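**Q**
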Amino acid sequence: MNYDQRRAELADFLRTRRRALQPEEVGLPPRASRRTPGLRREDVADLAGISACWYSRLEQARNIRVSDHVLESLAEALRLNTEEREYLLALAHGDAPSSASVSPDGVPPALQRILDSQQPHPAIALGPRFNILAWNQARTDVYGDLTKIPPEHRHILWLFFGGYLRELIQNWEPSARSVLAEFRAATGVYVQEPWFTALVRELSQNSADFRKWWQQHEIERHHVTTREVKHPFVGRMLLEESALVVDDRSGRRIILEIPQPGTGTENKLTALSWRSHRVQAPPCHVLQRPASGNDGTTTAEREDTYGAISAAEPSPRRP
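The sequence shown lines up with residues 1 to 319 when you count with full-length UniProt numbering.
1) Quick one: what's got a C-beta closer than 8 Å to ALA75's C-beta in the same chain, skipping five residues either side?
2) Do you know how far the Cα of ALA48 is from the Cα of ARG275?
3) Under the rule that 16 or more other beta-carbon atoms within 10 Å means buried, what is ASP247, buried or exposed?
4) What does DSSP give as the partner residues of LEU126 in its beta bridges?
5) Could you name the residues of the same chain whose beta carbon sits closer than 6 Å to that of PHE13, not counting the 5 residues immediately before and after it, in chain order?
6) With a 10 Å radius around its C-beta and 16 neighbouring C-beta atoms as the bar for buried, classify PRO261 as buried or exposed.
7) Measuring alpha carbon to alpha carbon, tell me which residue in ALA77, THR36, TRP158 and LEU133 is nearest ARG211.
8) To the nearest angstrom, how far is it from the Cα of SER178 to the Cα of GLU220?
9) Label ASP4 either buried or exposed according to how many other C-beta atoms from any shown protein chain fall within 10 Å of its C-beta, with 16 as the threshold for buried.
10) On the premise that ILE156 lies in contact with ARG227, defined as a C-beta separation below 8 Å, what is that separation, rounded to the nearest angstrom?
11) Inspect the beta-carbon positions of ALA92 and LEU256 and report whether they are closer than 8 Å.
12) Alpha carbons only, please: which of PRO174, GLY163 and ALA45 is nearest the one belonging to GLU72?
13) Which of the three DSSP states is assigned to THR241 in this structure?
14) Is it right to say ILE64 is buried, meaning 16 or more other beta carbons lie within 10 angstroms of its own, or is it exposed?
15) Could you pull the DSSP bridge partners for HIS155 from this structure?
16) Run the proximity test for LEU272: is its beta-carbon closer than 7 Å to any non-hydrogen atom belonging to the ligand FAD?
17) Do the stretch 103-118 and the stretch 197-216 touch if we need at least three Cβ pairs shorter than 8 Å?
18) May I have the straight-line CA-CA distance separating TYR143 from ALA134, to the nearest angstrom?
19) Could you round the C-beta distance between TRP172 and LEU165 to whole angstroms and report it? I think they count as a contact, below 8 Å.
20) Are LEU115 and ASN131 closer than 8 Å when you measure CB to CB?
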């Protein structure tokens, strides 16, 4: 186990939370000039009732043992919310089972049936690494065919930061930031594993947005969020996303997307479900419209794919 990596994550989290706090937020007088933003290390140490030297060692990722009492004092001093406190404890203890205990491919048949039963609402199953294990046909109808994505990129972060969803999701930035913050909150216990380090490195090289937001170390465990999708065939849809944890100690979770009432989204999902029984859904990369055309498809090819599906719908009857 790479404890050095876990200590580095803990140190980075403490620094980002300290720098995000202003002195007046914790009852300290404002300072006219500061070389660094936020609180000083001495401020945090005083608020937590520990020595400044000892706290500095934490931010330097030194190999020191930290009691729960001290962690709770630090959480109070840094004004951490419940989710951030849990993340702090996870980083400090690092005693979770390896995520490798769950098969990287597929789900039990019963779980797949749960996904399929959500039709025409999109649903996917994620593993503890946030890799996509399974999905239903509605998810393909709305977002594209995941079988066309390389297996190593069937990961929720790759879909957001690899370009697959940027054109399709209209509120992409808040959605992407929320997914990233949730991933970080849920995987703090895995920061010492090689897959975690490799994923962060590859995404940092691939996406400037990922690299910038990862450095901010935001933590979130959202339960419901609204996603605005501009589908090439049925237009604007508003979907409320909910995450459900599978209670089998596997670390799996189900992501459900339910149409927002009064927006016409339910009817559009039903129409897409009807289409999918007549023609094959477009591949996921076709839903992307890269400026450079580096996905290997031409505009004509994309139009041919969409046109074939559009033509499959019968003309409306005239009175």
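Note that the Cβ used here is the ideal one computed from N, Cα and C, for glycine as well.
Note that this is a predicted model, so its numbers are computed, not measured.
**A** With the structure as the only source:
1) GLU84, ARG85 and LEU88
2) Rounded to whole angstroms, ARG275 and ALA48 show a C-alpha spacing of 60 Å.
3) exposed
4) ILE132 and ARG253
5) HIS217
6) So PRO261 counts as exposed.
7) TRP158
8) 7 Å
9) exposed
10) ARG227 to ILE156, Cβ: 13 Å. No contact.
11) In this structure, LEU256 does not lie closer than 8 Å to ALA92 by Cβ.
12) Closest option to GLU72, judged by alpha-carbon separation, among PRO174, GLY163 and ALA45: ALA45.
13) In the sequence as presented, Thr is not what sits at residue 241; that position holds Glu. DSSP places GLU241 in strand when its eight states are reduced to three.
14) exposed
15) HIS155 pairs with ASN131.
16) This structure lacks the ligand FAD, and indeed carries no ligand of any kind.
17) no
18) 14 Å
19) That belief holds up - the Cβ atoms of TRP172 and LEU165 are roughly 7 Å apart, short of 8 Å.
20) Not a contact, by the Cβ cut-off of 8 Å.
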